[in-house]
Amino acid sequence: MESRIEFSIERSWSRETSRPSLHQTQHQFSRMMSDDKPDAFRNVSRKPGLQIWTINNMQMAPVPAQGFGNFFEGDCYIVLYIKQNRGSGQSIDIHYWIGKTSSQDEQGSAAIYVTQLDEFLGGSPVQHREVQGCESPRFRSYFKNGLIYKKGGVASGFHHVDTNVYNVLRLLHVKGRKHVTATEVEVSWNSFNNGDIFLLDVGKAIVQWNGPQSNRREKLKAVLLAQDIRDRERGGRAQIGVVEGGDERDSPELMNVMTTVLGQKPAQLKPATADDQPNLAQNNSVRLYHVFENSGNLVVQEVATQPLTQDLLRSGDCYILDQKGSSVMVWKGKHASQEERREALNRAVGYIKAKNYPPSTSVEVMSEGGESAMFKHLFKSWREKGQTQGLGATYSVGKIAKVEQVKFNVMELHARPDLAAQQRMVDDASGDIKVWRIENLELAEVDPSTYGQFYGGDCYLVLYSYQRSHQLQHILYMWQGRHATTDEITACAYQAVNIDNKYNGAPVQVRVVMGKEPRHFLAIFKGKLLIFEGGTGRPGAVNPNPAARLFQVRGTSEMNTKATEVPSRASSLNTNDVFLLKTDHKCYLWYGKGCNGDERVMGRAISDVLSRQDKQVVMEGQEPAEFWVALGGKAPYASDKRLQTEEPRHSPRLFECSNQTGQFRMTEVDDFDQSDLDEEDVMLLDTWEEIFLWVGKLANQAETKEAWNSAQEYLRFHPAGRDPDTPIIFIKQGYEPLTFTGWFNAWDPHKWSGGNSYEELKKKLNDAESLAQITVGLNITTVDKGPSRVSEGSYRAPGGPMSSPPLYRVHGIGQSPKPSTPSSPSTPRTPTSLRTPSSVSVAWSSQSSGSGTYVNPKLLINQDPSDLPDGVDPTQKEDYLSDVDFENLLGTTRLDFHRLPKWRQNDLKKKAGLF
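If you count by this note's numbering, then the sequence shown holds residues 21 to 935, one letter each, in order.
Take a look at the structure:
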C-alpha cells in the first residue's frame, strides 16, 4: 500500500513568508496595481529576447542593455526571457533576483510584480526565485560571460551603465569555471588569494591577475569577462593585460600599474578558497505533494515518490514537487482557483521555511501546459496536449505498444542537422561496414555474408565508415549480447580502444545493449538485422536447436526493420506486428490484424534471411492447428488493435561532468550552445533516447576514463526511472556526428581552430604594443593617497551608485570627455595630427585628458597606411572616429560593432573604406 505523509502548517507562515513588514506594502501595491495595472507593464515587450527591471520605490525601472549582467547587492530585479521555439510558439521565463542586502519591501514588491506579470502574459510563464550567489543554470545562461555583483543599490543612488566612462577604480573577485561570478571587493591586496582570479579595473585599462592555483578554464572565462566589460562599458576602447600570479616578474609593465594602485605586493597572499560544490545532476529522492487549505491551515499531503507519472497531476489542484531540498517546484492546474494560483509562489517559499531548507533553495512555479524541461524530466513519461505520433523507440519487444514509423527524406539530413538529430541518423546508411566478433577475447572478422546476424551469447564491434563534406567519418558500435560473459564485454571495450587508436581517435563510439539498438544501427543492415536470443555465431560452434523459434519483426522499411527472437509461446504474439515461426519442417509468416502492407513486405524480406524454406502465410484468426502446437498451445496474447504509446518528448539537457570526493556530480548548462562545450571538460548531452558523452581535447584523463561509468550512473539514479540500457554514444572533440551537432543551433565545425584559446588570447592581449598603450595611456607618475577629488566630487563605477571615493587615485585616470548620449551627441572635432606617444597613448588619443581629438574621416577613408596621420593604426582606423562619424560610416553603434564577428566587422570596414 502506498504511504501517505500529511502535515499542516498554520496559515501564519504564509504571512511570515511575505514578512510582517510587507503587509502594508502589499496592500498599497495591490491597490496601485488594480488602479494602474496596464501602465505598470506598458513597456513590456512580447518579442523574443531579454528584458530586465529593478525595483525602485515599488516601481519597475527598466535596466538598459549595457547594464545586463550587473546586479547590485542591495536591489531586487525582475528578469523576463522570451524564447521563440522552433516551429511556432514561445516559451517565457520570469525570474526575480534577490540581492543579499536588499530590503524586505523590495523583495515583497518584486514577488508580487512577478505574479502580476505572469497574469499579464497569460499565465503561461515559468516563475523562478533567484538568490544572489545561488542562481539557477537557466538564469546564468542569459549572461554567458558571467554575473557581476556590485555594492550598493537604489538607496545609494542607482545609475545605469554609461558607455565610455573612465572614472573607474574597482577590484573584481572572479570565481567559477562554468558559471562565472565577479564580486566587487576592497581595492587592496588584502582581497587577493592564491586560487582565484582578480580584475583590477581602472577605466582605460583592465589588468587580470591569475592566482597561481587557478586553472586554464577559469583564466579563459575571466578574459572573456574582461573583454565583455571593455566592449559593453567602454565601447571597446580599454586595454586588457594578464598577469600570472607567481610569475609577476614576466609582466613588469602591468605590475607597475597594479603596485601604483595597490601598493607593493605582500610576500604572502591568502590561501585558495574552495569553490562552491557543483550541483548534483539529480537527486533521486523526489516527492510529489498536494497542497490545499483546510480550515485556514495549509495542508501538504504526499501523493507519490519517484518515478512519477503525469496522471498524478489533476487540473483542479496545485502541487509541490520536492527534490529533497535541492529544488522546489510548484505546479498550478489550469482549473485551480485564482487565489491558489496567485498564492503559489508564496506557498513555495513558506514550504521551504517549514522544511528548514536553506533560503537559497531554488523555486520554480509553472502552470499546466507551460511546464519547464526540468519538471518534465522528473516524470517517467510526459505527453504534450495534442501531441502527434513520433518515431518512438523501435526496440520495444513483445508488447502491445507500437510506435508509428515516420518516413523522411534522407537527403535533408546534411542540410538540416536538427532533423538528423531528431531522427538519430547521421546519413542514409549507405556507407561501408566491417564487423568483428569477440572470440577468446580477441577480434575475429565476421563473414560478410552473415552481416546483420547477432547472437545473444556474443559481443560484436561494427565499424561504419561514411563521407561527410568530403571527409571520411567513422562510427564504432559495440554490441553487447545479453548472455555474453563479463570478460567478453570487457574485451569488447578494450578492443574498441585499439580500433579507435588505429583510426587516430576519429570514430564515434556507441555502446549498444542487445534489444536497444539505435535507429542508425538498424539502417546500416538494410532491413536484414536478425537477433538470436542466445547461442554464438562462431564457426563450428554447436548452438541449441529448439523445435520452434519465434521472431518478432518491427519496421516499415530497410531503414528501421529488425527481427528479434522472443519466447516461442503464444503469449509473445502481438496483434500489431509480423512474426516468423520457424520449425524443423516449416516456416510460418504470421500477420497480425494491426500490421500494414509495408510491415508485411519487410517481414517477408527478413524471413528469407532466417530460412530458405517456403513460407506459409498465416493471417491472425486463421491459424492452422499445427501453428498452435508448435507454440505449445493456444493462449491469450496482446490483441487490442492499434494500442499505441508515444515516446515522451523531452528537451535535451547538457551537463558538465566531474568526479569530486568520489561522488559523481554534474553541473547543468541551460539554453546551451556550442560555446558551452569546453575543451577541458567531459560533457553529457541527454536527448532521452540516447546519451552522448563529449570529450574535449584537453579533458582530464581520469574523468575521460570514468565517462562511461558516469553516464551509466546518471541513468541508474535518474528520478524518472530511466532505462539503464539506453544507448550511450562516446564522441571526441572534432569528430561530432550530425546526430549530435543537430541539437545545437548553428554548429561551427571550425570553432576550435579560430585562435580563441586562452593562450592565444593572452598572447594577443600581452603583446608589446598593447602593454605600451596601457603604461603610456595611464600616464602613471605618482599615487595620491590623500582624499580623492574625482570629477563631480564622487566616484561611480559604470552601472554603479554614487559612493565614497576610492582609496587611491592614480593621476591620469578618470579624466575623459563626457560620454556621448542621444541628448549630447559627439560632434566631429577639428582635424589635427594625433599627439605623439610620448604624451599620450595612440589607442586612447580620442579620449585624451584635456581637450582630446578625433580624426577627420577624410584623412582615414581609402587612405594608404603611409598617408595616414602620425600614430594612426591602419588596422584600427575606426577607433579614431567620433561616435557620430562612426555610426554614419559603419551604420552601427560602436558597442554593437564590437559585438559582431570579426569577418562582419571587416566587411563593414571594407564598405566604408576603412579596411
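C-beta atoms are modelled at their ideal positions from N, C-alpha and C, and glycine is treated no differently. As the structure is a prediction and not an experimental result, all values here were calculated from the model.
Beta-bridge pairing of residue i - partner residues as DSSP gives them
i    : result
F750 : Q529 and L713
Y486 : Q493
N76  : Q79
W499 : Y480 and V532
D452 : S485
H193 : T203 and F218
T325 : R307
Terminal residues of the beta strand (DSSP E) in which residue i lies
i    : result
V99  : C96 to Q104
E384 : S382 to S387
Q572 : A568 to R574
F92  : N90 to F92
C512 : It is not in any beta strand (DSSP E) - C512 instead sits in the alpha helix (DSSP H) that spans T506 to K522.
M639 : K635 to M639
Run of the alpha helix (DSSP H) containing residue i, from where it starts to where it stops
i    : result
K922 : K922 to A932
M80  : Per DSSP, M80 belongs to no alpha helix (DSSP H); it is in the beta strand (DSSP E), Q79 to P82.
I118 : From DSSP, I118 is part of no alpha helix (DSSP H) but of the beta strand (DSSP E) over Q110 to I118.
Y970 : Residue 970 is absent from the model: the chain starts at 21 and stops at 935.
A374 : A364 to A374
M445 : No alpha helix (DSSP H) contains M445, which DSSP labels as neither H nor E.
F395 : A393 to H397
V598 : Element bounds for V598: not the alpha helix (DSSP H) but the beta strand (DSSP E), V598 to T603.
H918 : R914 to R919
D342 : Careful: D342 lies outside any alpha helix (DSSP H), inside the beta strand (DSSP E) at C338 to D342.
W207 : Strictly speaking, residue 207 in this sequence is Val, with Trp absent from that position. Premise fails: V207 is in no alpha helix (DSSP H) and is neither H nor E.
R582 : Note on identity: in this sequence residue 582 is Lys, with Arg being the wrong assignment. Unbroken run through K582 is the beta strand (DSSP E), K582 to V586; no alpha helix (DSSP H).
Test item: CB-CB of residue i and residue j under 8 Å
i    : j    : result
L191 : L220 : yes
L718 : E733 : no
G69  : F163 : no
S161 : D706 : no
R947 : P747 : As shown, the chain starts at 21 and ends at 935. That puts residue 947 outside it, with no answer to give.
E150 : Y101 : no
R197 : R237 : yes
L328 : K396 : no
H494 : P538 : no
P757 : V446 : yes
I114 : D138 : yes
R403 : E709 : no
Beta-carbon contacts of residue i that lie in its chain and below 6 Å, excluding the five residues immediately before and after
i    : result
A727 : V702 and L713
L542 : L549, N580 and K582
E688 : P157 and F675
E508 : I458 and C479
A368 : V348, V350 and V383
K546 : E578
H199 : R160
K635 : C607, L609 and S627
R589 : L651 and G652
S380 : V151 and C154
Residues near residue i by beta carbon distance below 7 Å, same chain, minus five either side
i    : result
R914 : G255, G256, D903 and F906
N63  : P82
K103 : P68, Q110 and S111
Q302 : At Q302, the pLDDT of 44 sits below 50, so the modelled position is not reliable and the matter cannot be decided from this model.
Alpha-carbon spacing of residue i relative to residue j, whole angstroms
i    : j    : result
Q343 : Y309 : 11 Å
T761 : I749 : 13 Å
N76  : E898 : 39 Å
L920 : W351 : 41 Å
Q127 : Q152 : 12 Å
C338 : P744 : 32 Å
V533 : I551 : 12 Å
Y514 : T724 : 15 Å
G172 : A202 : 15 Å
A946 : L461 : Since the first and last residues shown for the chain are 21 and 935, residue 946 lies out of range.
A364 : Q330 : 20 Å
A242 : K285 : 21 Å
K752 : V715 : 5 Å
S695 : M639 : 56 Å
Residues near residue i by beta carbon distance below 8 Å, same chain, minus five either side
i    : result
A464 : W456, R457, I458 and R558
I226 : L219, L220, A246, I249, R250, A258, Q259, I260 and G261
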